[in-house]
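J.: The listed protein sequences correspond, in order, to chains P and F.
Letter by letter, the first sequence follows residues 0 to 139 of my numbering.
Letter by letter, the second sequence follows residues 0 to 139 of my numbering.
2 protein chains.
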Amino acid sequence: MDEAITDILKHNQLSVTDNRLKILELFHNNNKALSHADIEHLSGKNFDRVTIYRTLQTFVEKGIIHTIPTADNSIVYALCKEDCGEGHHHDDHVHFICDKCGTTYCLEQTSIPSINIPKGFSAHRVNVLVNGVCKNCRPS
Amino acid sequence: MDEAITDILKHNQLSVTDNRLKILELFHNNNKALSHADIEHLSGKNFDRVTIYRTLQTFVEKGIIHTIPTADNSIVYALCKEDCGEGHHHDDHVHFICDKCGTTYCLEQTSIPSINIPKGFSAHRVNVLVNGVCKNCRPS
DNA sequence: ACTTGTTTGCAACATCGTTGCAAAATTATT
DNA sequence: AATAATTTTGCAACGATGTTGCAAACAAGT
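Encoded structure:
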């Protein structure tokens, strides 16, 4: 399990460090999107703020994680699927943000519908954000 | 023209001040979404940063403008349509962000498609962000 | 084990956004 | 038209967030 995470780093020509292993582990253990602050808390405050910023930046560049825009304007990050690589992101799935618990999910199975945009505009990438209540916060 | 803007403020039970008139004017003159920084520059730096923050906040609460989430994580604001009011936003249109000039447009005429989300989740609001090249930046 | 190159942590800084409070402007009242 | 009551503004200070330079610590290759 730890070796799988190590492999991800090696495949992306990244040095294997405690910091990177720990952060990748957090993404694998929590099946949801994490903010910089989440990581700072979850990691037990062992790592410097700056290091976390730089690690996340590196992971985004390498295509290991992707960023998700949110309405309340905090950056959150989530693991990419297999087919993302350096400079090639293919995160064409819907993102769901729970208004109760604040959790952001990647709905991998929900594909993005096609959008008809006006003449003169050309679309390169579509982001769909759905706000609502997630299955854990659903009233019984 | 200036009176129309004054009316908007009065209809929302807001005092008519230079600041608010100027900011509303900027939104009417520039047919695109504006960031806090945009307003600071466009207004000629006559108003305090804090005042701009508070004015934008007030306008959002009153339903005069709405916020748009962006991938690069800067808040942008745009005018609401007629039917938005205090606590009632109905901005179900697509937002388009030009990757070249950075302009954010509200595509009022493009409606949001329905999204099938997994069981257990309930959707309340859908945000669609399209990135691409706008009609002004289109290569000839 | 040693060397090379990368990564980390610290310090300092820049930007962004918020809050409390007194002065100024706007609205309501007489 | 003048005054009183309320709202808004600007300033100062603060907190949170994100960035950069540089020396020490670490990982990878020989």
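In this text, a Cβ means the ideal position worked out from N, Cα and C, and glycines have one as well.
Just so we're clear, the structure is a prediction, and the values are computed from it rather than from any experiment.
Below 8 Å between beta carbons: does that hold for P/Val125 and F/Val127?
T.: The sequence position of residue 125 of chain P within the first sequence is 126, counting from 1. The sequence position of residue 127 of chain F within the second sequence is 128, counting from 1. Cβ distance < 8 Å, so P/Val125 and F/Val127 count as in contact.
J.: Just grab the DSSP bridge partners of P/Gly131 for me.
T.: Residue numbering aside, residue 131 of chain P sits at position 132 when the first sequence is read from its first letter. Paired residues: P/Cys97 and F/Ala122.
J.: List, in order along the chain, the chain P residues whose C-beta lies closer than 9 Å to that of F/His123?
T.: What you label residue 123 of chain F is simply residue 124 of the second sequence in a count that begins at 1. In chain order: Asp98, Val129, Asn130, Gly131 and Val132.
J.: Could one say the Cβ of P/Gln56 lies closer than 8 Å to chain F's Cβ atoms, at least one of them?
T.: As a first step, residue 56 of chain P must be located in the first sequence, where it is residue number 57. No, because no Cβ of chain F sits closer than 8 Å to the Cβ of P/Gln56.
J.: So P/Gln108 is in the alpha helix (DSSP H); what residue range does that whole segment cover?
T.: The residue given as residue 108 of chain P occupies position 109 in the first sequence. From DSSP, P/Gln108 is part of no alpha helix (DSSP H) but of the beta strand (DSSP E) over Thr103 to Ser110.
J.: Rank F/Ile38, F/Ser14, F/Val49 and F/Cys97 by C-alpha distance to the C-alpha of F/Tyr76 and give the top, closest one.
T.: For this step, residue 76 of chain F is matched to residue 77 along the second sequence. Comparing Cα positions, the closest option is F/Ile38.
J.: Could you check how far apart the C-beta atoms of F/Thr69 and F/Ile96 are, in whole angstroms? I think they sit under 8 Å.
T.: Within the second sequence, the letter at position 70 stands for residue 69 of chain F. Within the second sequence, the letter at position 97 stands for residue 96 of chain F. Right, their Cβ atoms sit about 6 Å apart.
J.: Who are the near neighbours of P/Lys9 in its chain, counting only those whose CB is closer than 8 Å to its CB and skipping five residues on each side?
T.: To locate residue 9 of chain P, count along the first sequence from 1; it is residue 10. Counting only Cβ-Cβ distances below 8 Å, and skipping sequence neighbours, we find Val15.
J.: How far does the alpha helix (DSSP H) with P/His195 in it extend, from its first residue to its last?
T.: No answer is possible for residue 195 of chain P: it lies beyond the span of chain P, which begins at 0 and ends at 139.
J.: Excluding five sequence neighbours on each side, which residues of the same chain lie with their C-beta closer than 8 Å to the C-beta of P/Ala32?
T.: Locating residue 32 of chain P in the first sequence gives position 33, counting from the first residue. Closer than 8 Å at Cβ, skipping near neighbours: Ile67, Val75, Tyr76, Ala77, His94, Thr102, Thr103, Tyr104 and Cys105.
J.: Below 7 Å on C-beta distance, what does F/Leu106 contact in chain P?
T.: Locating residue 106 of chain F in the second sequence gives position 107, where the first residue counts as 1. Near F/Leu106 (Cβ distances below 7 Å), the residues of chain P are Ile116 and Pro117.
J.: So which residues on chain P does F/Ile74 lean against when the C-beta distance must stay under 7 Å?
T.: Stepping through the second sequence from its first residue, residue 74 of chain F is reached at position 75. Those within 7 Å of F/Ile74 in chain P are Asn72.
J.: Excluding sequence positions up to five away, which residues of its chain have a Cβ less than 7 Å from the Cβ of P/Lys21?
T.: Residue numbering aside, residue 21 of chain P sits at position 22 when the first sequence is read from its first letter. So the qualifying residues of the chain are Ser42.
J.: Determine the DSSP secondary structure at P/Thr75, reduced to helix, strand or coil.
T.: The sequence position of residue 75 of chain P within the first sequence is 76, counting from 1. Position check: residue 75 of chain P holds Val in this sequence, whereas Thr was assumed. In the structure shown, P/Val75 sits in a strand (DSSP, three-state: E or B).
J.: Could you tell me which residues DSSP pairs with P/Ile64 in its beta bridges?
T.: In the first sequence, residue 64 of chain P corresponds to position 65, counting from 1. Answer by DSSP bridge pairing, in chain order: P/Leu78.
J.: One question on the structure: do F/Gln108 and P/Pro112 come within less than 8 Å of each other, judged by their Cβ atoms?
T.: Counting from 1 along the second sequence, the entry for residue 108 of chain F is found at position 109. Counting from 1 along the first sequence, the entry for residue 112 of chain P is found at position 113. For F/Gln108 and P/Pro112, no; Cβs fall outside 8 Å.
J.: Relative to the ligand SAH, is the shortest distance from any of its heavy atoms to the C-beta of P/Tyr52 smaller than 7 Å?
T.: Absence of the ligand SAH is noted for the structure shown, with no ligands found whatsoever.
J.: Which two residues bound the contiguous alpha helix (DSSP H) that contains P/Ile22?
T.: Along the first sequence, one-based indexing puts residue 22 of chain P at 23. From DSSP, the alpha helix (DSSP H) with P/Ile22 extends over Asp17 to Asn28.
J.: For F/Phe137 and chain P, any beta-carbon pair shorter than 8 Å?
T.: Indexing the second sequence from 1 puts residue 137 of chain F at position 138. Note that residue 137 of chain F is Arg in the sequence shown here, rather than Phe. For F/Arg137, the answer is yes, since a Cβ of chain P falls inside 8 Å of its Cβ.
J.: Going along the chain, which residues of its own chain have a beta-carbon closer than 8 Å to the beta-carbon of F/Ser34, five neighbours each way excluded?
T.: Position 35 of the second sequence holds residue 34 of chain F. Cβ neighbours of F/Ser34 beyond the five flanking positions: Ser73, Ile74, Val75 and Tyr76.
J.: Can the beta-carbon of P/His40 be found less than 8 Å from the beta-carbon of P/Ile4?
T.: Looking up residue 40 of chain P in the first sequence gives position 41. Looking up residue 4 of chain P in the first sequence gives position 5. With respect to P/Ile4, P/His40 sits apart: the two C-beta atoms are not nearer than 8 Å.
J.: Is it true that the CB of P/His65 sits closer than 8 Å to the CB of P/Cys79?
T.: Here the question's residue 79 of chain P lines up with position 80 in the first sequence. Here the question's residue 65 of chain P lines up with position 66 in the first sequence. A Cβ-Cβ contact shorter than 8 Å links P/Cys79 with P/His65.
J.: Can you name the residues of chain F whose CB is closer than 9 Å to the CB of P/Thr103?
T.: As a first step, residue 103 of chain P must be located in the first sequence, where it is residue number 104. Result: empty, since nearest Cβ-Cβ is about 12 Å, beyond 9 Å.
J.: In the DSSP assignment, find the unbroken alpha helix (DSSP H) run with F/Leu41 in it and report its ends.
T.: On the second sequence, residue 41 of chain F is found 42 positions in, with the first residue counted as 1. F/Leu41 -> alpha helix (DSSP H) spans His35 to Leu41.
J.: Rounded to a whole number of angstroms, what is the C-alpha to C-alpha distance between P/Asn115 and P/Phe46?
T.: Position 116 of the first sequence holds residue 115 of chain P. Position 47 of the first sequence holds residue 46 of chain P. Cα to Cα, the separation comes out at about 46 Å.
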